[in-house]
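A.B. asks: Could you have a look at this structure, given as structure tokens, before my questions?
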Amino acid sequence: MGVHPPGPPVWALPGLLRKLAVDRLGMMEDAARLSDAVRVAMGPKKMYIFNRPDYAKHVLADNAANYHKGIGLVESRKILGDGLLTSEGELWRAQRTNVQPAFRPRRIAEQAGAVAEEAAALVALLRTRAGQGPVDVLQEVTGLTLGVLGRTLMDTSLDGHGGIAHAFEAVQDQAMFDMVTQGLVPTWVPLATQRRFRRARRDLARTVDELVADRASRLDESDPGDDAFARMILAARRHDDPAVGRRLLREELVTLLLAGHETTASTLGWTLFLLARHPHVRDLLRDEARAVLAGGRTPDADDLHKLTYTTQVVQEAMRLYPPVWILPRVAQQADEVGGFPVPAGADVLVCPYTLHRHPDLWDDPERFDPGRFDAARTANRPRYAYIPFGAGPRFCVGSGLGMMEAVFVTALVTRDLDLDVVPGHRGVPEPMMSLRMRGGLPMTVREAD
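All the letters of the sequence shown, read from the start, carry residue numbers 115 to 563 under this note's numbering.
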């Protein structure tokens, strides 16, 4: 085995631990500046941070079986239980296999009409606010992503369930609190974060039970449909232990609700923010959208391949602000990554946020430049230099739907409207389970010229 990666000096550890609590992105950036492989020893606890494509490939793909979900997502099991984001081993494989057909490219292409209708409805809603005061665009795109989720993956309307997004905010706050405090503060302690979490957990449980009861009452087992929700319900009915089957169904649905809306809403928020900050890019995108979607029509599945510049804009937004900003793992057995020894039980972190800004991989990495994703410029880029949807066996199953949604919404909104950031709003990233924008996204709306 080789030598340990470098680590921060002992005197810097208190500041590092403070950043873990209040500036997680800053902590990861500090580590990236130190080295591509960093070891942080906090007493018996060891944390390894790897920031090179080949290191990421080893952890996430080549030896993925040795690296289970880690810090942050472990704490999320209080609400997600054994859903697809947090389960492991045979249970995870069974869950993934069960829902995979709902995400096949052909089926996702068939959902293009529903996605386009929801996108057009968002444009119509925003248009009613033209010339008025600021609107929180992040809140509105979150409503859109919930609408798309319900229609495409659940055969269920989520109208009237807007509180889901607020409940998940409380869940993420609690997960981060547990991560920082190492889970030593019981949830019954009457802190504000804890009280919000308990209310959110009750609200989500009630919502999930209502959604399950509604979908189950409409489910014809001879012709159940091909949506993910129906497949989850049937799997629960077939489970050897009915009580376990019902519990897993609830946990899988909570995970679907969270993962199905949160990451795409984050991507759309950052994309619209960046377009407002770079009018020349917005003009180029608008020209493409008006050429491809002439006559005011909404997009169909074939248009996704014609909106090439729009796709590049979304890809660049996800490079700068990847919705899944960190991929935490725990080594099950001792391993070696890039020649560096990793002991069993060590926390291992791969951070797309810093990997996507690595100066050896990206020219002028802080600059917003959608042209980076032109085919001519991506040809020689390492595959694992860009991993906004994760990588390896646990690559995001919903990536195809998420990209369609982000591209369609970006194209339609930009074709028809000018969204401008309210003066003074800086767009500060808040690293929770996804990389959301702190304080929402207040914007003014105008009809585009």
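Heads up, the beta-carbon is just placed ideally off N, CA and C, and yes, glycines get one too.
Report yes or no: do the stretch 322-338 and the stretch 262-277 share at least 3 C-beta pairs separated by less than 8 Å?
C.D. replies: yes
A.B. asks: Hey, L194 and V368: beta-carbon distance below 8 Å or not?
C.D. replies: Your numbering for residue 194 matches position 80 in the sequence shown. Your numbering for residue 368 matches position 254 in the sequence shown. Yes, the Cβ-Cβ distance between L194 and V368 is below 8 Å.
A.B. asks: Between L572 and G374, which are expected to be in contact by the criterion C-beta below 8 Å, what is the C-beta distance as a whole number of angstroms?
C.D. replies: Because the chain in this structure spans residues 115 to 563, residue 572 falls outside the shown range and cannot be described.
A.B. asks: A349 and L333 look like a contact to me (Cβ under 8 Å); what is the Cβ gap, rounded to whole Å?
C.D. replies: If you number the sequence shown from 1, residue 349 lands on position 235. If you number the sequence shown from 1, residue 333 lands on position 219. A349 to L333, Cβ: 12 Å. No contact.
A.B. asks: Which one of C510, V428, E202 has the shortest CA to CA distance from T524?
C.D. replies: In the sequence shown, counting from the first residue as 1, residue 524 sits at position 410. Selected option, being the one with the closest Cα: V428.
A.B. asks: Which complete alpha helix (DSSP H) runs does the stretch 369-443 hold, if anything under 4 residues is left out?
C.D. replies: Runs found: 393-406, 422-434.
A.B. asks: Have a look at D250 and P158 and give me their C-alpha separation to the nearest angstrom.
C.D. replies: Residue numbering aside, residue 250 sits at position 136 when the sequence shown is read from its first letter. Residue numbering aside, residue 158 sits at position 44 when the sequence shown is read from its first letter. Roughly 45 Å between the two C-alpha positions.
A.B. asks: Which residues mark the beginning and the end of the beta strand (DSSP E) in which Y169 is found?
C.D. replies: Counting from one through the sequence shown, the residue named residue 169 turns up at place 55. Y169 -> not in any beta strand (DSSP E); alpha helix (DSSP H) instead, spanning 167-171.
A.B. asks: Could you tell me whether the Cβ atoms of N177 and D449 are closer together than 8 Å?
C.D. replies: Taking the sequence shown and counting its residues from 1, the one referred to as residue 177 is at position 63. Taking the sequence shown and counting its residues from 1, the one referred to as residue 449 is at position 335. Yes, they are a contact pair.
A.B. asks: Name the residue from R147, A145, L174, R138 whose alpha carbon lies nearest to the alpha carbon of P502.
C.D. replies: Against the sequence shown, residue 502 aligns to sequence position 388. Cα-wise, what sits closest to P502 is L174.
A.B. asks: Return the chain-ordered list of same chain residues with a C-beta closer than 6 Å to the C-beta of P545, the five sequence neighbours on each side being excluded.
C.D. replies: Walking along the sequence shown from the start, residue 545 turns up at place 431. Here P545 has R138, L139, W439 as same chain residues with Cβ atoms under 6 Å from its own Cβ, once five neighbours each way along the sequence are excluded.
A.B. asks: Could you check the C-alpha separation between D196 and V285 for me, to the nearest Å?
C.D. replies: The sequence position of residue 196 within the sequence shown is 82, counting from 1. The sequence position of residue 285 within the sequence shown is 171, counting from 1. D196 and V285: Cα-Cα distance of roughly 15 Å.
A.B. asks: In chain order, what residues of the same chain have a beta carbon less than 8 Å from the beta carbon of R221, not counting five sequence neighbours either side?
C.D. replies: Along the sequence shown, one-based indexing puts residue 221 at 107. Closer than 8 Å at Cβ, skipping near neighbours: P215, D340.
A.B. asks: Considering only C-alpha positions, which residue in the set A431, P436, L407, P393 is nearest to G504?
C.D. replies: Counting from one through the sequence shown, the residue named residue 504 turns up at place 390. Out of A431, P436, L407, P393, P436 has the C-alpha closest to the C-alpha of G504.
A.B. asks: Taking all protein chains shown into account, do 16 or more other C-beta atoms lie within 10 angstroms of the C-beta of R153, making it buried, or fewer, making it exposed?
C.D. replies: In the sequence shown, the residue the question calls residue 153 occupies position 39. Buried: at least 16 other Cβ atoms inside 10 Å.
A.B. asks: What's the gap between the Cα of Q446 and the Cα of G274?
C.D. replies: Position 332 of the sequence shown, counted from the first residue, corresponds to residue 446. Position 160 of the sequence shown, counted from the first residue, corresponds to residue 274. Roughly 43 Å separates the two Cα atoms.
A.B. asks: In the DSSP assignment, the beta strand (DSSP E) including F454 goes from what residue to what residue?
C.D. replies: Within the sequence shown, residue 454 is the residue found at index 340, counting from 1. Where F454 is concerned, the enclosing beta strand (DSSP E) stretches over 454-456.
A.B. asks: L463 by DSSP, collapsed to three states: which one?
C.D. replies: As a first step, residue 463 must be located in the sequence shown, where it is residue number 349. Strand.
A.B. asks: For Y169 versus V456, is the C-beta distance shorter than 8 Å?
C.D. replies: As a working note, residue 169 is residue 55 in the sequence shown. As a working note, residue 456 is residue 342 in the sequence shown. Not a contact, by the Cβ cut-off of 8 Å.
A.B. asks: L503 lies in the alpha helix (DSSP H); which residues open and close that run?
C.D. replies: Start at 1 with the first residue of the sequence shown, and residue 503 comes out as number 389. One point to set straight first is that residue 503 is Phe, not Leu, in the sequence displayed. F503 -> no alpha helix (DSSP H), and no H or E assigned at all.
A.B. asks: Could you pull the start and end residues of the alpha helix (DSSP H) that L323 belongs to?
C.D. replies: Along the sequence shown, one-based indexing puts residue 323 at 209. First, the amino acid is wrong: residue 323 is Asp here, not Leu. That run of the alpha helix (DSSP H) goes 306-331.
A.B. asks: Determine the DSSP secondary structure at L549, reduced to helix, strand or coil.
C.D. replies: As a working note, residue 549 is residue 435 in the sequence shown. Of the three classes helix, strand and coil, the one that applies to L549 here is strand, per DSSP.
A.B. asks: Short of 6 Å in beta carbon distance, which residues of its chain neighbour R567, apart from the five on each side in sequence? Order them along the chain.
C.D. replies: Examination of residue 567 is not possible in this model, given that the chain is present from 115 through 563 alone.
A.B. asks: Got a sec, what are the start and stop residues for the alpha helix (DSSP H) M141 sits in?
C.D. replies: Taking the sequence shown and counting its residues from 1, the one referred to as residue 141 is at position 27. Where M141 is concerned, the enclosing alpha helix (DSSP H) stretches over 138-148.
A.B. asks: Classify Q308: buried if its beta carbon has 16 or more other beta carbons within 10 angstroms, exposed otherwise.
C.D. replies: Taking the sequence shown and counting its residues from 1, the one referred to as residue 308 is at position 194. Buried.
A.B. asks: Under DSSP, the alpha helix (DSSP H) around P556 begins and ends at which residues?
C.D. replies: As a first step, residue 556 is located in the sequence shown; it is residue number 442 there, counting from the start. Taken as a continuous stretch (DSSP letters only), P556 belongs to no alpha helix (DSSP H), being part of the beta strand (DSSP E) at 556-561.
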